[in-house]
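Residue numbers (the numbering used here): 2 to 319.
Ideal placement from N, C-alpha and C gives every residue a C-beta, glycine not left out.
Everything below concerns the one structure shown next.
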């Protein structure tokens, strides 16, 4: 099986490591410094996954044999651009798996078609270290969420490779939708809250106000996404602890985040149901202002978040 991994950051690196024993892997990474690290030192993982793997680096525009599978691990807002660069190296049987946060799968389906698209939900906490290695705090489990028409042989081959390292489930239909919604609810809350406060989940968990805010945001997401009879706790169900979720990293590296695919999509689904969602809306607006450079992450932004929630609920109006 020939596999292209789009994105050589923490998630792309972990995926490359997981599939490399059973596949021919080519990694596409746009950042020159990261490419040089991978070229000179290989793919180095430390922690819950430990080892070094030499990887082949792909070059956009350089002809290669077509890929059987493309694993997408770039920030969701760069999906179309990443696929465009490798589009000559696909054939009609190529399948695509999004390992991205939030509702990126909808965009992927629009680009390549629903029967060729699947979503990989990873309960993974990992981050790039200063020395170029990837620290893996935890890899708890994985779920491949497939729609009608996705090649079952491709799904079995892929999950069989991953299952050597982690428990993997293949989910379809309503079960897949529920799992995806549950993961998105947790991811939206921890990503946004940690980015605003500039604190990791372990520190936020010790803050009573932050815990209350996270619980409220999760309840809003659960209702908007239609998760019925399901108790979701972001600090219990999330994987990140000492490490920061991806939104903070993307904000620092790119000045852009996946908030449109997380809180943004939750807000859109809430509006369809006539819901207000004050916490999700406040998280969304503060992160957007951080992207624009009008608000800096930290204690001031965290206080502003609380103020906006109160204002939205009418508690700040006398």
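- Relative to the Cα of residue 262, the nearest Cα in the group 182, 39, 93 and 19 belongs to 182.
- Counting every other CB atom within 10 Å of its CB across the protein chains shown gives residue 134 a total of 16 or more, marking it as buried.
- By the neighbour-count definition (other C-beta atoms within 10 Å, threshold 16), residue 120 is a buried residue.
- Straight across, the Cα-Cα distance linking residue 89 with residue 158 is about 24 Å.
- For residue 161, the three-state secondary structure derived from DSSP is helix.
- Between residue 203 and residue 141 a beta carbon distance of about 16 Å is seen, past the 8 Å cut, so the two are scored as non-contacting.
- In this structure the segment 223–243 does not touch the segment 52–62; the number of beta carbon pairs closer than 8 Å is below three.
- In this structure, 219 is the residue among 245, 219 and 225 with its C-alpha nearest to the C-alpha of residue 234.
- Excluding five sequence positions before and after residue 282, the CB atoms of its chain that fall closer than 7 Å to its own CB belong to 268 and 313, given in chain order.
- Going by C-alpha positions, residue 31 is about 19 Å away from residue 91.
- The three-state secondary structure of residue 44, taken from DSSP, is strand.
- Look at residue 166 here: in three-state DSSP terms it is coil, with no helix or strand label.
- With three or more CB-CB distances shorter than 8 Å, the segment 72–90 counts as touching the segment 106–114.
- When 6, 301, 124 and 249 are compared, the shortest CA-CA separation from residue 96 is found for 6.
- Between the beta-carbon of residue 100 and that of residue 72 there is about 6 Å, and that keeps the pair under the 8 Å contact cut.
- The beta carbons of residue 276 and residue 225 sit closer together than 8 Å.
- Rounded to the nearest angstrom, the gap between the Cα atoms of residue 128 and residue 44 is 13 Å.
- DSSP lists no beta-bridge partner residue for residue 293.
- Take residue 38, set aside five residues on each side of it, and the residues of its chain with a beta-carbon closer than 6 Å to its own are 133, in chain order.
- The three-state reading of DSSP puts residue 156 in helix, counting H, G and I together.
- Under the three-state reduction of DSSP output, residue 37 falls in the helix class.
- Distance between residue 284 and residue 197, taken at the CA atoms: about 8 Å.
- Across the set 180, 130 and 166, the C-alpha of 180 shows the shortest separation from the C-alpha of residue 103.
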